[in-house]
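In the numbering used here, the protein residues as written are -12 to 390.
Below is one structure, written out as structure tokens; the observations come after it.
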Amino acid sequence: MPTVSVKRDLLFEALGQKYSKCVTFMCLTGPHAVAAVLRDVTFTQERYESFIELQEKLKRTLVAIGTHDLDTISGPFTYTAKPPGDIRFKPLNQSKEYTATELMSLYKTDGHLRHYLHIIENEPLYPIIYDSNGIVLSMPPIINGDHSKISLNTKNIFIECTATDLTKAKTTLDMVVTMFSEYCEEPFTVEEAEVVYPDGRLCVYPELAYRTETLSGDFINKRVGINESAESIAQLLTRMCLRSEVSGEGDLIQVEIPPTRADVIHACDIMEDAAIAYGFNNIVRSTPRTYTVANQLPLNKLTELLRQDLAAAGFTEALTFALCSEEDIADKLRKNIAETRAVHISNPKTTEFQVARTCLLPGLLKTLAANRKMPLPLKLFEISDVVLKDETKGVFDVLMLIC
-12 MPTVSVKRDL LFEALGQKYS KCVTFMCLTG PHAVAAVLRD VTFTQERYES
38 FIELQEKLKR TLVAIGTHDL DTISGPFTYT AKPPGDIRFK PLNQSKEYTA
88 TELMSLYKTD GHLRHYLHII ENEPLYPIIY DSNGIVLSMP PIINGDHSKI
138 SLNTKNIFIE CTATDLTKAK TTLDMVVTMF SEYCEEPFTV EEAEVVYPDG
188 RLCVYPELAY RTETLSGDFI NKRVGINESA ESIAQLLTRM CLRSEVSGEG
238 DLIQVEIPPT RADVIHACDI MEDAAIAYGF NNIVRSTPRT YTVANQLPLN
288 KLTELLRQDL AAAGFTEALT FALCSEEDIA DKLRKNIAET RAVHISNPKT
338 TEFQVARTCL LPGLLKTLAA NRKMPLPLKL FEISDVVLKD ETKGVFDVLM
388 LIC
């Protein structure tokens, strides 16, 4: 995503006003919701497509974003949860109304939306956002309503983000409004939205918070491998949309991080930006103070020789998963799982990856089973690590060979 340089003075001046049309967003369910409004937006075909594409790129399990034509709906808006049978609306790009239960069945065959159904499918209540007239705006994170969809003629946009993490929700909202407030009639102005939580808390979004980091020019010079003055480094960082200036008489640099740069978390991120602005190809190559001559480990050398000899003898190497099911290393080998010294995965996603393998035989047998149609003889081998649990040493791995 390209870095957007926000005209901070205009933006802060706008956000400092008391808006007479401040939107209220009632958050009656959890965990987090934020919102904002862009007014008098002018869309071209290119801008419109970019706006839609941005929403599709979001990871819906963390953040769901909805954009709505504010002129077709009326606040305050309510974010709550209802039984799927009680939710009924016309979803985006559909010709009739459906209940939430019917939508789940409808989208099971949708190549795009079916990947997100599992997020709420088995829940007793589905999240829903509606306006003061009961018109459904969206059922996050699955689909928006057709009534409030935006078009090329949309002028005023209501943006809502629901998320499991408040920081990600605020970051997403900041990104959207800073990127597209440029197209408002008064560029870089955003209208606030009040979010009222169930406990009575009232928060105003977007925050568009700037923060300041202080680091020394010497820190950047040593780690990047350059020898620049603090003033020069400040200019480099400013080119990367990190407004910087030298603080006092020393080489301390104050760096202002805008809301568009949520990727800047640590001083190392600022150092990386300085290196990018300086140009990696312009950094003079130098020999490290401490260097070593690489050499192959004896064990790796032995396994390479074994691989070469076995391949020369007509064997084909197999490479199987290091994780397998409990059944693979116990029942199928006529062993008790308690006697296998297996290391168990605490939260396996599938039954195929429950434990770390204690031997190579299950993987090789699966390979044979998958290649039964191949002409005999099947000459296979594998040289890989297995994992064993030792009560005195913890967990350690052993290299094994099987043919």
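All C-beta atoms, glycine included, are put in the ideal place defined by N, C-alpha and C.
Predicted model, so just to flag it, every value in this text is computed and none were measured.
- Is the segment 91 to 98 in contact with the segment 50 to 60, if contact means three or more CB pairs nearer than 8 Å? no
- Task: Entirely within the segment 97 to 152 and at least 4 residues each: give me those alpha helix (DSSP H) ranges in chain order.
- Result: none
- Host beta strand (DSSP E) of Y192 (start-end): Position 205 of the sequence shown, counting from 1, holds the residue named residue 192. Unbroken beta strand (DSSP E) run through Y192: L189 to Y192.
- Taking just the CA atoms, how far does T327 sit from I376? Within the sequence shown, numbered from 1, the residue matching residue 376 stands at position 389. Within the sequence shown, numbered from 1, the residue matching residue 327 stands at position 340. Checking the sequence, you will find Lys at residue 376 rather than Ile. The alpha-carbon atoms of K376 and T327 are separated by roughly 9 Å.
- Tell me, please, whether the segment 170 to 177 touches the segment 16 to 36 by the rule of three or more beta-carbon pairs shorter than 8 Å. yes
- Is Q241 helix, strand or coil by DSSP? By one-based count along the sequence shown, residue 241 stands at place 254. The answer is strand: DSSP assigns Q241 an E or B state.
- alpha helix (DSSP H) runs contained entirely in the segment 172 to 219, provided each spans 4 or more residues: 204 to 211
- Query: Thinking just about the alpha-carbon of each residue, which of L367, K366 and D315 is nearest to the one in V342?
  - Reply: By 1-based counting over the sequence shown, the position of residue 342 is 355. When each option's Cα is compared against that of V342, the closest is D315.
- Task: Please list, in chain order, all residues of the same chain as P71 whose beta carbon is under 6 Å from its beta carbon, the five residues on each side excluded.
- Result: Counting from 1 along the sequence shown, the entry for residue 71 is found at position 84. If we look at P71 and ignore the five residues flanking it on each side, its Cβ neighbours are A87, T88 and Y113.
- Message: Taking the alpha carbon of K353 as the reference point, which residue from L286, Y66, A309 and D118 has its own alpha carbon closest?
- Response: Your numbering for residue 353 matches position 366 in the sequence shown. Minimum Cα distance to K353 is reached at A309.
- Query: Would you call A150 buried or exposed, if buried means 16 or more other Cβ atoms sit within 10 Å of its Cβ?
  - Reply: Numbered from its first residue, the sequence shown carries residue 150 at position 163. By the 10 Å Cβ count, A150 comes out buried.
- What residue from I324, L306 and R359 has the CA that sits closest to I370's CA? For the purposes of this step, residue 370 is taken as residue 383 along the sequence shown, with counting starting at 1. Here the closest residue by C-alpha is L306.
- Query: So is A329 buried or exposed if we call it buried at 16+ other beta carbons inside 10 Å?
  - Reply: Here the question's residue 329 lines up with position 342 in the sequence shown. Classification for A329: buried.
- Helix, strand or coil: how does DSSP classify D260 here? In the sequence shown, the residue the question calls residue 260 occupies position 273. D260: helix per DSSP, three-state reduction.
- What is the rounded straight-line gap between the Cα of T274 and the Cα of L223? On the sequence shown, position 287 is the one that residue 274 refers to. On the sequence shown, position 236 is the one that residue 223 refers to. Roughly 25 Å separates the two Cα atoms.
- Task: May I ask you to report which of helix, strand or coil DSSP gives D161?
- Result: Numbered from 1 along the sequence shown, position 174 holds the residue referred to as residue 161. If DSSP states are grouped into helix, strand and coil, D161 belongs with the helices.
- Query: Hey, out of H55, V182, G301 and T158, whose CA is closest to R248's CA?
  - Reply: For the purposes of this step, residue 248 is identified with residue 261 of the sequence shown, where counting begins at 1. R248 has its Cα closest to that of T158, out of H55, V182, G301 and T158.
- Item | Through-space distance from A196 to S119, alpha-carbon basis | As a position in the sequence shown, residue 119 is number 132, starting the count at 1. As a position in the sequence shown, residue 196 is number 209, starting the count at 1. Between S119 and A196, the C-alpha separation is close to 30 Å.
- Return the Cβ separation of I129 and I115 in integer angstroms, given the expectation that the two are a contact with Cβ distance under 8 Å. One-based indexing of the sequence shown puts residue 129 at position 142. One-based indexing of the sequence shown puts residue 115 at position 128. With a Cβ gap of about 10 Å, I129 and I115 do not count as contacting.
- Message: Quick check on N358: buried or exposed, where buried means 16 or more other Cβ atoms within 10 Å of its Cβ?
- Response: Counting from 1 along the sequence shown, the entry for residue 358 is found at position 371. So N358 counts as exposed.
- Query: Going by other Cβ atoms of all chains shown within 10 Å of its Cβ, with 16 needed for buried, is T277 buried or exposed?
  - Reply: On the sequence shown, residue 277 is found 290 positions in, with the first residue counted as 1. By the neighbour-count rule (16 or more Cβ atoms within 10 Å), T277 is not buried but exposed.
- Limits of the unbroken beta strand (DSSP E) element including Y35: Counting from 1 along the sequence shown, the entry for residue 35 is found at position 48. Element bounds for Y35: not the beta strand (DSSP E) but the alpha helix (DSSP H), Q32 to E43.
- Message: Can you give me the C-alpha to C-alpha distance between A68 and V123, rounded to a whole angstrom?
- Response: The residue labelled residue 68 in the question sits at position 81 within the sequence shown. The residue labelled residue 123 in the question sits at position 136 within the sequence shown. Cα to Cα, the separation comes out at about 12 Å.
- If you count every other CB in all the chains shown that lies within 10 Å of the CB of M91, and 16 or more means buried, which is it? Translated into the one-based positions of the sequence shown, residue 91 becomes position 104. M91 is buried by the Cβ-count criterion.
- Message: Here's the rule I'm using: 16 or more other beta-carbon atoms within 10 Å means buried, otherwise exposed. How should P362 be labelled?
- Response: Residue mapping note: residue 362 aligns to position 375 of the sequence shown, counting from 1. Exposed: under 16 other Cβ atoms inside 10 Å.
- Below 8 Å between beta carbons: does that hold for P285 and C311? For the purposes of this step, residue 285 is identified with residue 298 of the sequence shown, where counting begins at 1. For the purposes of this step, residue 311 is identified with residue 324 of the sequence shown, where counting begins at 1. Contact flag unset, no.
- Item | Start and end residues, alpha helix (DSSP H) containing L297 | Walking along the sequence shown from the start, residue 297 turns up at place 310. Looking at the DSSP string, the run of the alpha helix (DSSP H) that includes L297 is P285 to A299.
- If you scan the segment 353 to 381 from start to end, which runs of the alpha helix (DSSP H) of 4 or more residues do you find wholly inside it? none
- Task: Tell me whether L25 sits in a helix, a strand or coil according to DSSP, three-state version.
- Result: Here the question's residue 25 lines up with position 38 in the sequence shown. DSSP places L25 in strand when its eight states are reduced to three.
- Item | Simplified DSSP state of K69, which is helix, strand or coil | Counting from one through the sequence shown, the residue named residue 69 turns up at place 82. The answer is strand: DSSP assigns K69 an E or B state.
- Under three-state DSSP, which class holds I52? Within the sequence shown, residue 52 is the residue found at index 65, counting from 1. Strand.
- Query: Given R226, which residues of its chain have a CB within under 8 Å of its CB, disregarding the five upstream and five downstream residues?
  - Reply: Locating residue 226 in the sequence shown gives position 239, where the first residue counts as 1. The answer, listed in chain order, is A264.
- Status (buried if at least 16 other CB within 10 Å, exposed otherwise) for F38: Within the sequence shown, the letter at position 51 stands for residue 38. F38 should be labelled buried.
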